[in-house]
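A.B. asks:
Protein chains in written order, with this note's numbering: chain A, 1 to 683; chain B, 1001 to 1551; chain C, 2001 to 2099.
1. So, with DSSP's three-state summary, where would you put residue 429 of chain A?
2. In the DSSP assignment, what residue or residues form a beta bridge with residue 100 of chain A?
3. Using a C-beta cutoff of 8 Å, does residue 1305 of chain B count as contacting chain A?
4. On the three-state DSSP scale, how would you describe residue 1549 of chain B?
5. So the alpha helix (DSSP H) residue 294 of chain A belongs to, where does it begin and stop?
6. Assuming residue 1178 of chain B is part of the alpha helix (DSSP H), what are its boundary residues?
7. Enumerate in chain order the residues of its own chain whose CB-to-CB distance from residue 1386 of chain B is below 8 Å, with the five nearest sequence positions on each side excluded.
8. Quickly, what does DSSP pair residue 468 of chain A with across the bridge? List them, please.
9. Out of curiosity, what's the CA-to-CA distance linking residue 399 of chain A and residue 411 of chain A?
10. Residue ranges of each alpha helix (DSSP H) run of no fewer than 4 residues wholly in the region 1382–1463 of chain B, ordered along the chain?
11. Give me whichever residues DSSP pairs with residue 1141 of chain B in a beta bridge.
12. Name the chain E residues whose beta carbon is nearer than 7 Å to that of residue 664 of chain A?
13. Using a Cβ-Cβ cut-off of 6 Å (strictly less than) and excluding sequence neighbours within five positions of residue 1241 of chain B, which residues of its own chain qualify?
14. Got a sec: is the Cβ-Cβ distance from residue 1502 of chain B to anything in chain A below 8 Å?
15. Spatial neighbours of residue 1310 of chain B within its chain, please: C-beta separation below 7 Å, excluding the five flanking residues on both sides.
16. Taking the straight line between their C-alpha atoms, what separation do you get for residue 369 of chain A and residue 1529 of chain B?
17. Quick one: give me the first and last residue of the alpha helix (DSSP H) that residue 20 of chain A is part of.
18. Can you give the beta carbon distance from residue 403 of chain A to residue 517 of chain A, rounded, assuming they're within the 8 Å contact cut?
19. Identify the continuous alpha helix (DSSP H) that holds residue 160 of chain A and give its terminal residues.
20. Taking C-alpha atoms, which residue in A/79, A/439, A/237 and A/137 lies nearest to residue 42 of chain A?
21. Any C-beta of chain B sitting closer than 8 Å to the C-beta of residue 2009 of chain C?
22. May I ask you to list, following chain order, the residues of the region 1521–1542 of chain B that have a beta carbon less than 8 Å from some beta carbon of chain A?
23. Counting along the chain, where does the alpha helix (DSSP H) carrying residue 1117 of chain B start and finish?
24. Using a beta-carbon distance cut-off of less than 7 Å, what residues from the region 1232–1246 of chain B approach chain A?
25. According to DSSP, is residue 348 of chain A part of a helix, a strand, or is it coil?
26. Would you mind telling me which residues of chain A sit closer than 9 Å to residue 1162 of chain B, beta carbon to beta carbon, in chain order?
27. So, helix, strand or coil for residue 530 of chain A, using DSSP?
28. Decide yes or no for the touch test of the region 341–355 of chain A against the region 295–313 of chain A: beta carbon pairs closer than 8 Å, at least 3 of them.
29. Is there contact between the region 434–447 of chain A and the region 351–368 of chain A, where contact requires at least three CB pairs shorter than 8 Å?
30. Closest by CA to residue 134 of chain A, which one among A/377, A/180 and A/214?
31. Would you identify the three-state DSSP class for residue 2020 of chain C, choosing helix, strand or coil?
32. Cβ of residue 2038 of chain C less than 8 Å from any chain B Cβ?
33. By the DSSP assignment, the alpha helix (DSSP H) with residue 1201 of chain B in it spans what residues?
34. Hey, residue 1289 of chain B and residue 1322 of chain B are a contact pair by Cβ (cut 8 Å); roughly how many whole angstroms apart?
35. With 8 Å as the C-beta to C-beta threshold (strictly closer), list the residues of the region 193–224 of chain A near chain B in chain order.
36. I need the straight-line Cα distance from residue 1024 of chain B to residue 1110 of chain B, nearest angstrom please.
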């Protein structure tokens, strides 16, 4: 290994040395994205012949990537530094020198593990979930393509290679969201996702141009250490906000979050992989990667923090009023991404990444559990038509329980630690209002997730076994391996009607659930205290916030903050319990109706009333208003950009009269105008 | 003007012209091939009578060149001579195939000779190219001429196989097609090399007149007829305007040499008012060729009506040649007037980018959509001109090359999809193409992604370089407009992709016919789209090294 | 006669030609107008060559004449084709391609 110092770093904050590494696992790092790409090509070429065996091929490729990532992690542990693995010159001409290098530091290692780990689990899961789909092997090809794209993004050593991955994930997620394109609105959803992301890309591209112009390079090793000495405050704000614009589209922040709920049209494993664990977190990754710009501008950080906080609030309120098992999770994802942005904006970079990791576990798990439920319920998605699934699907139930407590931030589940640490960072860096908002959203989170959980799994079944049900996507979900060995689904032609027989999902689906369940339960161990091992692990990567000039924080101490967080989570669960378990199921399942808050509520009846007033009547108004805002204003704005252009085009195309003389006249007029403009200047 | 005069010989004998043959060697091949093809057409059935003497002559010339130490051109001449005979012997019973193969061989030979020009004449030591003007200052050997040649000849080489089957299907495979194509390509290459106004004008007319005929080539088809006539009328008026602008430049400067015009325009004695009139008229005339708003109105009609392979040729090659002239005119002749033209051309570029992207949104015909897209792309390429720098110069040249391969791939797919009966491709004809012919849909998607500028395609590498040059020259606002325009454009590229992949095929529609020629041409173009996107290094470095202007 | 007069005449000729091209509908007349524009260019070149005392302007005139002849050949062929197909010489008649 050749250690050579490529960039010096100012003292105080222990930053990474940059070393060029071509040996060991890092020397082979290019295989990490390459292997899934090969898998994609092979499955695409041989898919027809391999049929369901292509799943093994694709999953194997993902697993190889994962193992390589683990090896890379160990090498980074042994030699903590920013490793650059040079590959080849991508664009080389004059000033514009862009090399294709891989950049592997502590942050990359974490992202690699999350992407390949959750990716592999989703591959395994998809075998059961997609079994019997007529384009089964195509799905696995796309999954591998997505994995490749995401790894390109994570491994890029400069903004341009990152952007390459950025666009590739957009493309592959387009393919995956629109996978069941037979339904028109699914195709529309895929398109909406792509276009919304293109809007963010404008911002990202302009940011890159500005960076290149100021630094003469796009490589992280050239740009990030120099940020403080090259940039003025205004320039730093500009770059940070431009990058933020790109990140906001990918990570579904206000006002560009609209595509994510629609993107639930894709098969559920896709939602788990792309719209919970990996792609949507790319924006957070970018912001943390570019933390050197952020810390130069308190204004930019404040804007990022408030964007995150407002997004978290808006999405959480909307989630309360959703009835679709996946839509709730989608808004919840938007809300949780908001938390990550709060972390980034308030200087809690490592905390944001920590939440990214735990969120990948528990939200991936929630989506997969939702998929398992839909699988059992013949693709029914309305939670009001579920209930009582606890007994039918024990594994799904117990793993969901873990994920539900994790996202509700109940200790000792992983979500508690990460969310609490973000809020602590916000509070300690003087963003008291953001912190308070975060606590309020935590109550809401616990509330709507409990509602989701209670209505799906607890209570009496609101369905009857054997009832006929229209299956939404042909051979999509309801066929278990073994059910239908020939693969030609009975539902494929006869009007998509199946009969409802809920059952636990096959092992290929439950095993990933259990694995993620364990991770959701224990993930907090990575960073039990605020400045624990995960924090120190990422410390050399992220910029120091010492120079930012945060406001003084209030009087609350860390233990008090923790207590407030816990109370918030419990409050949300309690309210949901009162609303959805007690009221509807009183006397039916007495064992469920026990607990201190429930007892309290029973003695003091007005709590119910208060709840009615706040959460049902007023809350419904607010939530309806938010839904309206989402549908009308935000969607309208996004679509408006499109329709404005279209209507402009309708008028402008009239210039194309088809008469040659008109064209000549236009030329003549143009020439005369040119002459006039020029002659005025010469005078 | 065309031939350089040797230093005066006092003996009273006629001075011996010293002709720098190397400066137009590629064009020589094409002109000879065009003549040969016409001879083939006349001597139908006895083509060997023409082929053997031609082959022998070419071989002899080649041997002589080799003995003179010019190995590469000699080898090309011998190879082409042998190829001529071989083609006639091999496929002599099918005259159209003879025509296509001969023309293709000539284009390939010209392409090889263009590279030879760079390696042996411009940059013999492999470093930065040296620029020079030859033939008494009429023809330049520099980056612009080199890159224009590469783009034009590559396009010609690919268009011939793409169009071969198409012309037969439409029943318009007449033998004058290939000669006209070659002549037009010759004009384009010369336009890129023209260093004085006369050569520039002649080259422009050679390429235009041949294209007028090519556009109206399917003369029984009313659309094609209309396309040809409209192009002819608007084109000749544009030529007249351009010509009057040139005349006014001559009035104000007294010279026809572009470099000398540039020098003279800097003098205080020069009448600026007349020069500015000339600048305005030249902008209008040349703006027509590269389709800048408001001189663009002919583009959609002509592109839509012309036979699709001709449209592909026009979009890819004519644009490159037109921009070559633009670069040379503005950077060289109008260099001293930059305060005047830079803001104006920047404004035109901005309007062009937005217009092309926006109006394409409401189109239903695929060729028309691509025509509007070509207008938008002219706007992007203009950013490099406006940058008025070496980076901008090489950026524009590079951009045009990436656009050429991309648009060839796109139009090649359209050729395959085009329903022969109707002679047009509507949006709905793309429905379900992803199912019925996935390979074709895949390649068209690749081309569309490249047009939209999404990495890792050639289109992205192209946009990146011109936008970078624009930013470096302080045109942030223009680049932002460019990026916004490319986002708007993504809407309709995506619409095409959605039609192919997210819709069911219409029952009973014909499956596109992919002939061998189309597969060949489109596959090479698609491979280049990816190669130039993933590994732009080689040609981009060439563009950069060649960013020298012959003054 | 001062040199400016030649330029003035040629400018007027050019404008007449351009106006005619835009206003007239008969393709043959259009064609004549284009010729008018080209000839105004020729006049400008010839006069300027005289003014500068160089030959290149006059050489250019010859090239313009040759090119104009070539254009006439192609143009008339297209016009004859139009007349055969549609029986009209109205430039506004071919109007399939628009919008």
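Ideal Cβ placement from N, Cα and C applies to all residues, glycine included.
C.D. replies: To lay it out plainly:
1. coil
2. A/88
3. no
4. coil
5. 291–294
6. 1177–1193
7. 1342, 1345, 1346, 1349, 1392, 1470, 1473, 1475 and 1478
8. A/499
9. 16 Å
10. 1390–1417, 1433–1436 and 1438–1452
11. B/1132
12. This model lacks chain E altogether, as its protein chains are A, B and C.
13. 1281, 1284 and 1285
14. yes
15. 1214, 1215 and 1217
16. 42 Å
17. Unbroken run through residue 20 of chain A is the beta strand (DSSP E), 18–20; no alpha helix (DSSP H).
18. 7 Å
19. 159–177
20. A/137
21. no
22. 1534, 1535, 1536, 1537, 1540 and 1541
23. Unbroken run through residue 1117 of chain B: none, as it is neither H nor E.
24. 1233, 1234, 1237, 1238 and 1241
25. coil
26. Those within 9 Å of residue 1162 of chain B in chain A number zero; the least Cβ separation is about 26 Å.
27. coil
28. yes
29. no
30. A/180
31. helix
32. yes
33. 1197–1215
34. 4 Å
35. 194, 195, 198, 199, 201, 202, 205, 206, 209, 210, 212 and 213
36. 10 Å
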